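A.B. asks:
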Amino acid sequence: MKKISITLALFISIFISQIQAQNIDVMANIWPPYVDKALPGNGLAMKIVKESFARSGFTMNLRLEKWEKALKGAEIGAYEVIGAIWKNKTRKKELLYSQPYLKNNIVFLTRTDSNLEYNSLNDLHGILVGILTDYAYDDQFMADAQILKFQANRLTENLIALEKGQLDLVVADKRLALYELKTFMGSNRSKFRFLPKNLTTRNLYIAVPKNSKNGKTIINNFNQGLAAIKKDGTYQKILESYTY
18 MKKISITLAL
28 FISIFISQIQ
38 AQNIDVMANI
48 WPPYVDKALP
58 GNGLAMKIVK
68 ESFARSGFTM
78 NLRLEKWEKA
88 LKGAEIGAYE
98 VIGAIWKNKT
108 RKKELLYSQP
118 YLKNNIVFLT
128 RTDSNLEYNS
138 LNDLHGILVG
148 ILTDYAYDDQ
158 FMADAQILKF
168 QANRLTENLI
178 ALEKGQLDLV
188 VADKRLALYE
198 LKTFMGSNRS
208 KFRFLPKNLT
218 TRNLYIAVPK
228 NSKNGKTIIN
238 NFNQGLAAIK
248 KDGTYQKILE
258 SYTY
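Numbering (this note's numbering), first residue to last: 18 to 261.
1. According to DSSP, L119 sits in a beta bridge with which residue or residues?
2. Taking C-alpha atoms, which residue in N228, F239, I246, Y252 lies nearest to K110?
3. Strictly by DSSP, which residues pair up with K166?
4. Considering only the alpha carbon of each residue, which of V146, D156, M44, T260 lies closest to T107?
5. Using three-state DSSP, classify W48 as helix, strand or coil.
6. Beta-carbon within less than 8 angstroms of I144's beta-carbon, same chain only, minus the 5 sequence neighbours each way: which residues are those?
7. What separation, rounded to the nearest whole angstrom, lies between the Cα atoms of R219 and K120?
8. Which same chain residues end up closer than 6 angstroms to A45 when comparing Cβ atoms and leaving out the 5 residues on each side of it in sequence?
9. Do A169 and G203 come within 8 angstroms of each other at the CB atom, strictly closer than that value?
10. Using a Cβ-Cβ cut-off of 8 angstroms (strictly less than) and excluding sequence neighbours within five positions of D151, which residues of its own chain qualify?
11. Spell out the partners DSSP gives L179 in its beta bridges.
12. Report the three-state DSSP secondary structure of N40 (helix, strand or coil).
13. Please classify R171 as buried or exposed, where buried requires at least 16 neighbouring CB atoms within 10 angstroms.
14. Please return the same chain residues whose Cβ sits closer than 7 angstroms to the Cβ of Q116, not counting the five positions on each side in sequence.
15. Leaving out five residues on either side along the sequence, give the residues of the same chain with a beta carbon under 6 angstroms from the beta carbon of L141.
16. On a CA-only basis, which of K214, K254, R80, W48 is nearest S137? Give me that one, please.
17. To which residues of the same chain is G60 closer than 7 angstroms at the C-beta, ignoring the five residues directly before and after it?
18. Here's the rule: buried if 16 or more other CB atoms are within 10 angstroms of the residue's CB, otherwise exposed. What is K64?
19. Give a yes or no on whether the minimum CB-CB distance between I102 and chain C is below 8 angstroms.
20. Looking at the secondary structure, which residues open and close the alpha helix (DSSP H) in which L195 lies?
21. Beta-carbon within less than 7 angstroms of I246's beta-carbon, same chain only, minus the 5 sequence neighbours each way: which residues are those?
22. Ignore the nearest five residues each way along the sequence and tell me which others in F8's own chain have a CB closer than 8 angstroms to its CB.
23. Can you tell me the Cα-Cα spacing of I41 and N78, whole angstroms?
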């Protein structure tokens, strides 16, 4: 009886460990419409990440943290995966990245009654531009001291300031801008227009700490799952379900 009990306990232990091995903790900060538990599928980015991991047999557990804490936690190995991140030189030293799974168009907004246009950074000299804190915008744009930058924590703050004439331009991810215009600006949405030329386009990735013993396996599984949902049309259906 004792031998059977030990064998049974061992079997249960192995079974539980196998189940746990199929769970993966993904950390992200709230960033609608990409990451937000109030949105269907926890947002566009998390829906893609979840479906990609599911194709490799993983169940995603989403944890939300403030960005500074999330990034630092990932770098020291406190989290398995950062679910939505852009590359920059500093991050590349600490993190291993997946294939990109979305493109972020970084655009300018102004008022519809403004004649401002953007063709090069020189056009922004002396212009007051609203930006968001801790965004990894274009390096040249951020380094150009002749562009007057006003930082805010929420895009809505900048949109309101733009509407009041306190800012000349606002720079933002286009999907985020469309989401916030629809959600928060109501009938005032018509007072804003997008400039035709993007500041830049950024790729969106998942990332794992380079010191993670399972990091390469996680990235490979995600990449394979991402390829699978693109091939069978699931990816395109997800994109089409998040329009604003």
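Glycine included, each C-beta is placed from N, C-alpha and C at the ideal position.
From a predicted model like this one, the values you see are computed outputs, not experimental measurements.
C.D. replies: On the basis of the supplied data:
1. L221
2. Nearest of N228, F239, I246, Y252 to K110, Cα basis: N228.
3. According to DSSP, residue pairing for K166 in a beta bridge involves V146.
4. D156
5. W48 falls in the strand class under three-state DSSP.
6. L133, I164, L165, D185, L186
7. 6 angstroms
8. V52, G100, A101
9. no
10. Spatial neighbours of D151 in its own chain (CB-CB distance under 8 angstroms, excluding positions within 5 residues in sequence) are listed in chain order as W84, E85.
11. Answer by DSSP bridge pairing: none, since L179 is not bridged.
12. strand
13. exposed
14. N240, L243
15. Only I164 meet the Cβ criterion.
16. K214
17. P49, P50, Y51, V52, D53
18. buried
19. The chain inventory of the structure shown lacks chain C, comprising one protein chain alone.
20. 191-197
21. Cβ within range, chain order: E68, S69, R72, Y252.
22. The structure shown does not extend to residue 8, since the chain is modelled only from 18 through 261, so no value can be given for it.
23. So the alpha carbons of these two residues sit roughly 6 angstroms apart.
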